[in-house]
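Below: one structure, written as structure tokens.
Numbering (mature numbering (1 follows the signal peptide of the UniProt record, and there is no 0)), first residue to last: -18 to -1, 1 to 734.
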């Protein structure tokens, strides 16, 4: 819809640039002058890149970066004149590449020349972006080759895709035909340089010392942030021509273009500053603010003619924040070493600026007429340019690494490319070289050359004075080190003797402590045994006294028993005598029974004779005879029992007499036992007294043994500490001797 307007914004009016000078009106002349001024401003950006990149690298490589910035411009303009301009703006081959107008044959009018100058500064910008990313380790001649490839092929081809019809009314490039929009080159210029720089950083690898053994990034600060800041201001000023000149006319669109450029740069720088304040506890890394400002400039470049100023603020702020985060991610996550942050600022910043155009520009300003459709076209353009620029850059860098020396040696990198590749000599470098020579040779007689009335000369003079004092110090240190060496040898020998003596003392103390512990153990056992003996003596004494009382009572009982047995014996004798008397009575009763039985027999006989008259008498006599028989039987039984009783009585009496005799003997033995027990009680009392004395003595011995053990332990601890101290002294003496030897070795390396 508005495609014609967009193409007009990219193309020169034929009546301005094709007409002869005398046919130009005032407006056309002003347009021509503005384009030339813009070309001069963009050319000034080369100085800005030189200052920025030189300030962000170390001083030993600053000249190398500077000469690369001017050399790539020299190569870029020549090759763009010979070949690149024709590839970019010549007759299109299906929108992919131009193949007409080599060696400046397309140019024949003032406007043509002005257009070429303006585009030549653009190709110089694309080439010089790479210089900062590969700084401090890429060889100069290899860099010239990659600059030539950018100017000769990489930039012109992708530029033809987006701007192929800008010079003449020819077939547009294939991206341009799709409606791809990039007013001043966020993608066409800056992303191309950024993607080639990305390929170079990947193939080259990081600078020495940029990452530690664990892969953590280590700071390598630039030598002059003031110069880098000045470079940003120069770039910012040149960007007025970069963006404003892309209108190719001094018309009413230029003020808004320049305003959008300023606003976006301010927003990007301020957003980065605030983010840096937040993430760094109030400290602001200068490089972050500089790259944030640069990100704002790159981000607005694609849409500066289409977006409103308010949206330019958003584009710049978001661009600054994105570049801040991407720069950190490339360093910490991808381990890519970009000394100036060119990949993030130009590559990714250009991508954001190209996509932001589709998001923030009014729909009626978009080539496709809609935000989403335009965003799709922009994405295709961004991806295509990335694939071309990064892929071709990767091929070139890999080819250089394979067939050409791409990177300087580690030694050359340490020395610095100013000296290695350019033989640059300054007082600063001479002073550094003198320092390096002193470090390598140890010759303290060397002195740095002094340049009068300059800061470098004052520094060299101060360095020489320091060398004078250092030389004298080394001489004194040499003498002192010799004396300390002798003293340390003596100290080491004495320390070893002391350590050996302390070790023997500790061993003796350890042995004595073991003996005392054994003695203390024996004393403890003796004390326990004595205490048990004392307790046993008390118990035995009590038991003996108790037994003596029981024996006394037993003696009394035995005496009483003897008396009772004596009485019982007498009673048994009396019973035996009475039994004999009873036997006599029983004999008498038996005789009476026998006589009664005889009388009854006679009575029975008489009763028989008497017949009936004697029947009753016969009955009586029979009864009497039976009674006599029973009496005789009873008396026989009684007699037998009496005889048994007599026998038992006699035995009992005999037994009682023997018991009485034994009881009397027992009483005598009990009395003797009581006397012996009395003597035992006295002996046990004496033993208890002796046991008490033993317990007291053993307790004193145990207490003394504990005191001796405590003292021995203290001696052992002191011996242990003394042994450790002696070992430390010996170790220190050995270490001192080693250190003195090292010092002597180090001092011997200096020539005084």
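We treat Cβ as the ideally placed atom computed from N, Cα and C, and that holds for glycine.
Exposure label - residue i; buried when at least 16 CB within 10 Å
{"i": "residue 352", "result": "exposed"}
{"i": "residue 142", "result": "buried"}
{"i": "residue 525", "result": "exposed"}
{"i": "residue 258", "result": "buried"}
{"i": "residue 78", "result": "exposed"}
{"i": "residue 385", "result": "exposed"}
{"i": "residue 612", "result": "exposed"}
{"i": "residue 521", "result": "exposed"}
{"i": "residue 468", "result": "exposed"}
{"i": "residue 720", "result": "exposed"}
{"i": "residue 470", "result": "buried"}
{"i": "residue 572", "result": "buried"}
{"i": "residue 149", "result": "buried"}
{"i": "residue 458", "result": "exposed"}
{"i": "residue 46", "result": "buried"}
{"i": "residue 354", "result": "exposed"}
{"i": "residue 693", "result": "exposed"}
{"i": "residue 586", "result": "buried"}
{"i": "residue 277", "result": "buried"}
{"i": "residue 552", "result": "exposed"}
{"i": "residue 25", "result": "buried"}
{"i": "residue 140", "result": "buried"}
CB contact flag (residue i, residue j, <9 Å)
{"i": "residue 27", "j": "residue 209", "result": "no"}
{"i": "residue 590", "j": "residue 607", "result": "no"}
{"i": "residue 273", "j": "residue 309", "result": "yes"}
{"i": "residue 30", "j": "residue 220", "result": "yes"}
{"i": "residue 375", "j": "residue 136", "result": "yes"}
{"i": "residue 759", "j": "residue 59", "result": "This structure cannot speak to residue 759, because the chain is shown only from -18 to 734."}
{"i": "residue 124", "j": "residue 399", "result": "no"}
{"i": "residue 179", "j": "residue 115", "result": "yes"}
{"i": "residue 43", "j": "residue 63", "result": "no"}
{"i": "residue 335", "j": "residue 168", "result": "yes"}
{"i": "residue 238", "j": "residue 195", "result": "no"}
{"i": "residue 464", "j": "residue 51", "result": "no"}
{"i": "residue 361", "j": "residue 337", "result": "yes"}
{"i": "residue 569", "j": "residue 621", "result": "yes"}
{"i": "residue 683", "j": "residue 508", "result": "yes"}
Chain-order list of residues whose beta-carbon lies under 8 Å from that of residue i (same chain, five-residue window excluded)
{"i": "residue 57", "result": "109, 126, 129, 130, 133"}
{"i": "residue 81", "result": "68, 69, 72, 73, 75"}
{"i": "residue 211", "result": "37, 268, 272"}
{"i": "residue 718", "result": "466, 470, 473, 474"}
{"i": "residue 769", "result": "There is no way to answer for residue 769, as the model of the chain reaches only from -18 to 734."}
{"i": "residue 192", "result": "199, 200, 202, 319"}
{"i": "residue 357", "result": "337, 340, 341"}
Spatial neighbours of residue i in its chain, beta-carbon cut-off 6 Å, leaving aside the 5 residues before and after
{"i": "residue 379", "result": "181, 182, 185"}
{"i": "residue 172", "result": "280, 328, 332"}
{"i": "residue 343", "result": "285, 288, 289"}
Residue-level contact to chain C via CB, residue i, 9 Å cutoff
{"i": "residue 226", "result": "Of the protein chains in the structure, only one exists, and it is not chain C."}
Any non-hydrogen atom of the ligand ADP closer than 8 Å to residue i Cβ
{"i": "residue 722", "result": "Looking for the ligand ADP in the displayed structure turns up nothing, as the structure carries no ligands at all."}
Close beta carbons around residue i, own chain, < 7 Å, minus the five adjacent residues each side
{"i": "residue 647", "result": "none"}
{"i": "residue 499", "result": "691"}
{"i": "residue 48", "result": "32, 36"}
{"i": "residue 430", "result": "412, 413, 416, 442, 445, 446"}
{"i": "residue 716", "result": "474"}
{"i": "residue -11", "result": "Caution applies to residue -11, whose pLDDT of 35 falls short of 50 and renders its modelled position unreliable; the model cannot decide the point."}
{"i": "residue 89", "result": "95, 98"}
Alpha helix (DSSP H) runs wholly inside the stretch 150 to 199, at least 4 long, in chain order: 156 to 160, 174 to 186
Segment contact, 8 Å Cβ cut-off, at least three pairs: the stretch 19 to 36 with the stretch 212 to 232: Yes: the two stretches touch, three or more of their Cβ pairs being nearer than 8 Å.
Under 8 Å: do the stretch 165 to 185 and the stretch 311 to 325 share three or more Cβ pairs, one atom per stretch? Using a C-beta cut-off of 8 Å, the stretch 165 to 185 makes contact with the stretch 311 to 325, since at least three inter-stretch Cβ pairs fall below that distance.
Length at least 4, wholly inside the stretch 578 to 639: the alpha helix (DSSP H) runs in chain order: Counting only unbroken stretches of 4 or more residues, no alpha helix (DSSP H) element lies wholly within the stretch 578 to 639.
Considering only residues of the stretch 377 to 448, which uninterrupted alpha helix (DSSP H) runs meet the minimum length of 4 residues and lie entirely inside it, listed in chain order? With a minimum length of 4 residues, the continuous alpha helix (DSSP H) runs that stay inside the stretch 377 to 448 are 392 to 397, 399 to 404, 409 to 423.
Taking only runs of the alpha helix (DSSP H) that begin and end inside the stretch 202 to 263, which ones reach a length of at least 4 residues, in chain order? 207 to 226, 235 to 261
Contact the stretch 243 to 250 vs the stretch 282 to 300: 3+ CB pairs below 8 Å: Yes, the stretch 243 to 250 is in contact with the stretch 282 to 300.
Could you check whether the stretch 193 to 210 touches the stretch 33 to 51, counting it as contact only if at least three pairs of C-beta atoms, one from each stretch, sit closer than 8 Å? yes
Using a Cβ distance threshold of 8 Å, determine whether the stretch 152 to 170 contacts the stretch 393 to 407, with at least three qualifying pairs required. No: the two stretches stay apart, fewer than three of their Cβ pairs being nearer than 8 Å.
Where are the beta strand (DSSP E) runs, 3 residues long or more, that stay fully inside the stretch 288 to 336, in chain order? none
Every unbroken alpha helix (DSSP H) inside the stretch 58 to 138 [4 residues or more]: 67 to 71, 92 to 115, 122 to 131
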